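Below: one structure, written as structure tokens.
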Amino acid sequence: MIDPVTLTLWRGRIGFVLIAALLVFLALLPIGGDAGRWPGPDVLLCIVFAWMMRRPDYLPLWLLAGVMLLADTLLMRPVGLWAALTVIAAEVLRTRSVLMRELSFPMEWAVVAGLMLLMLLIYRFVFALTLLPQVGFGAGMVQWLWSVMAYPAVVLFTSYALALRKPSLGEIDAYGRRF
Amino acid sequence: MARKPNDEIELTGPFRLMVVGLTVFAMLALFVFWRIDGPRAEAVRARVTDAFAPALQWGAAPITWVGAIARDFQSYARLYEQNEQLREELRQMKAWKEAALQLEQKNARLLDLNKVRLDPKLTHLTGVVLADSGSPFRQSVLINAGARDGVREGWAAMDGIGLVGRIAGVGEKTARVLLLTDNNSRVPVTLQPSGQKAILSGDNSALPPLDFVEDPSAIAAGDLVVSSGDGGIFPAGIVVGKVVLAEGKRLRVRLEADMARLEFLRILRSHELDPITSAGALLAMPPMQGPAAPTAADLRASGASDQPGAGQ
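Which chain is which? The protein sequence lines are A and B, in order. Here the first sequence stands for residues 1 to 179, where the numbers follow the numbering used here. Here the second sequence stands for residues 1001 to 1312, where the numbers follow the numbering used here.
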């Protein structure tokens, strides 16, 4: 007998893995993505932030770390760096989830945009530090801009299509405690 | 609410911080390992990609097909102009075909005269593109031929017409082709007709620039770019593209291969590369081709047969 709260929790986690798998799969398809094209948004990052703002219990550390590492490996990024940055940013949000719950959407958007920019800058800084060749700053900024623009759409999708909302007052978690 | 004993415990406080710190540290350690020992880390990556390749293969096929139709559909709009254009090109090609046939005969005669032995090892195998790099900042494709098909690191890949890239990362069933447009790609090329050497270095744009050109004034737009075979990795003389002048008088290359629609790739079997064992080995490359050097016995034999003529 599985109690409904645990069931929802695991449905959320499996849902995250499936969405991440779908996004990586779509990125890997050999259509588009030829050289010289402007990059699109990093939807997986938007999903991570949107979910972290709403239901951090759906993204436990081990799951997030595993998924991001696998994404790094499959998407030909330097292994571990982007995953580490994502985990740090996500954990920063998690420890402030009480505060984040009370933010209005524009504020939430601003926080996410700031975090994404910070991640991009650190990412590029580490690239420069380890003498890795990297693309122009403009391309990175375009991707950041796209991700920021895509964030509201991702939030709309998660809160209406997936019914993933910030826990309301008095809602309890799997252990029967209040959020 | 009942709590099951095997449920994970919600971590709080300094202990939680420690777990997060350790996870991040492990990931950064992985990154440092990747940076220091690239080939080994890439081998691990190739193995992981290999494990996911079957899913890609059956999953990607229909979607890729639909994507290709959508892309081709755009070209239906200008069907008439295209037809005219193709007719015109066909007329020109017929003239070229005549010239090519004559040249082929001439070439065969000359080869016969020179007793040139073409390298029998230079054959090819064909792979189908399964996936691309998945990231807008890396230019590579995954093909469905790997170590089990004998694919080796560093071999050249071309589509029917021109050079596309080289093998970088071989799994059991898949291999990754680093495209000429990738940031990490450096290929030695020769410019014709001036005969100058240069390096084609990708910069993630559709027209990769030429670096280390000795005398840029001797090069005109439209010059042919072929692989030079320097460094012994690529066979010489594979068509790469044509020179174009980009803004700022930068020499760039319009690639002959259709990089936007890579579907089948031809992988050229190359020579076994000698591993570089010490810094000195980098400088002295063994000769790549040519007849075996005559041994002392051969010399003596030929000397003996020449002897009567020479003695008189």
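Ideal Cβ positions, reconstructed from N, Cα and C, are used throughout, including at glycine. Quick caveat: nothing in here was measured; it's all calculated off a predicted structure.
* **Cβ-Cβ separation, Leu1265(B) to Asp1129(B) (assumed contact under 8 angstroms), whole Å** => The amino acid at residue 1129(B) is misidentified as Asp; the sequence shows Val. That pair is a contact at about 6 angstroms.
* Leaving aside the five residues before and after Ala90(A) along the sequence, list all residues of the same chain whose C-beta is less than 7 angstroms from its C-beta, in chain order. => Val48, Met52, Leu59 and Leu64
* Among Ser1201(B), Ser1205(B) and Asn1144(B), nearest to Ile1267(B) - alpha-carbon criterion -> Asn1144(B)
* **Residue range of the beta strand (DSSP E) that includes Gln1192(B)** => Arg1186 to Gln1192
* **Proximity to Gly1231(B) [Cα-Cα], best of Arg1035(B), Val1244(B) and Ser1270(B)** => Ser1270(B)
* To do: Measure the C-alpha to C-alpha separation of Ala1002(B) and Leu7(A) and round it to an integer number of angstroms.
  => Caution applies to Ala1002(B), whose pLDDT of 44 falls short of 50 and renders its modelled position unreliable; the value that the coordinates give is listed next. Their Cα atoms are separated by approximately 14 angstroms.
* Asked: Does the pairing of the region 1053–1063 of chain B with the region 98–112 of chain A give three or more beta-carbon distances under 8 angstroms?
  -> no
* Asked: Leaving out the 5 sequence neighbours to the left and right, which residues in its chain are closer than 8 angstroms to Val79(A) when beta-carbon positions are compared?
  -> Leu69, Asp72 and Thr73
* Asked: Could you give the distance in angstroms between the alpha-carbon of Lys166(A) and the alpha-carbon of Thr1023(B)?
  -> 27 angstroms
* Asked: Looking only at its own chain, which residues have a Cβ that is under 6 angstroms from the Cβ of Pro41(A), when we skip the five neighbours before and after it?
  -> Trp146, Ser147 and Ala150
* Extent of the continuous beta strand (DSSP E) run through Val1141(B) -> Ser1140 to Ile1143
* To do: Just mark Gly1241(B) as buried or exposed, buried being the case when its beta carbon has 16 or more other beta carbons within 10 Å.
  => buried
* Got a sec: is the Cβ-Cβ distance from Trp1034(B) to anything in chain A below 9 angstroms? -> yes
* Asked: What residues in the region 1119–1139 of chain B bring their beta carbon closer than 8 angstroms to a beta carbon of chain A?
  -> Val1129, Leu1130, Ala1131, Asp1132, Ser1133, Gly1134, Ser1135, Pro1136, Phe1137, Arg1138 and Gln1139
* CB of Gly1067(B) within 9 angstroms of CB of Phe25(A), strictly -> no
* When the cut-off is 9 angstroms and only beta carbons count, does Leu59(A) lie next to chain B? -> no
* Asked: Smallest Cα separation from Pro1025(B): which of Leu81(A), Arg54(A), Pro56(A) and Leu22(A)?
  -> One detail in the question is off: residue 1025(B) reads as Phe in this sequence, not Pro. Cα-wise, what sits closest to Phe1025(B) is Leu81(A).
* Range of the contiguous alpha helix (DSSP H) that encloses Ser147(A) -> Phe137 to Leu156
* Asked: Along chain B, in chain order, which residues have C-beta atoms closer than 8 angstroms to that of Arg77(A)?
  -> Ser1135 and Arg1138
* May I ask which residues mark the beginning and end of the alpha helix (DSSP H) holding Lys1097(B)? => Leu1079 to Asn1114
* Asked: Would you call the region 1142–1156 of chain B and the region 1169–1185 of chain B touching, i.e. three or more CB-CB distances under 8 angstroms?
  -> yes
* Asked: Phe25(A) versus chain B: which residues are under 8 angstroms apart at the beta carbon?
  -> Ala1055, Leu1056, Gly1059 and Ala1060
* **Closer than 7 angstroms at the beta carbon, the chain B residues around Ile88(A)** => Val1024
* To do: Starting from Leu118(A), find everything on chain B with Cβ-Cβ shorter than 8 angstroms and list it in chain order.
  => Per Cβ cutoff of 8 angstroms: no residues; Leu118(A) is ~15 angstroms from chain B at best.
* Tell me the DSSP bridge mates of Phe1264(B)? -> Val1128(B)
* Could you tell me whether the region 1210–1222 of chain B touches the region 132–147 of chain A, where touching means 3 or more Cβ pairs closer than 8 angstroms? => no
* Contacts that Leu29(A) makes with chain B (C-beta to C-beta distance below 8 angstroms) -> Ala1060, Ile1063, Thr1064, Gly1067, Ala1131 and Asp1132
* What's the call for Leu121(A), buried or exposed, on a 16-neighbour Cβ count within 10 Å? -> exposed
* Helix, strand or coil for Ala1168(B) per DSSP? -> strand
* Which of helix, strand or coil DSSP assigns to Ile1199(B) -> strand
* **Met1027(B) (DSSP reduced to helix, strand or coil)** => helix
* Can the beta-carbon of Arg1189(B) be found less than 9 angstroms from the beta-carbon of Val1226(B)? -> In the sequence as displayed, the identity of residue 1189(B) is Val instead of Arg. Cβ distance < 9 angstroms, so Val1189(B) and Val1226(B) count as in contact.
* Simplified DSSP assignment, three categories, for Val48(A) -> helix
* To do: Give me whichever residues DSSP pairs with Gly1241(B) in a beta bridge.
  => Val1225(B) and Leu1255(B)
* To do: Assign Ala1175(B) to one of three DSSP states: helix, strand, or coil.
  => strand
* Output the distance between the C-alpha atoms of Pro39(A) and Met119(A), rounded to the nearest integer angstrom. => 17 angstroms
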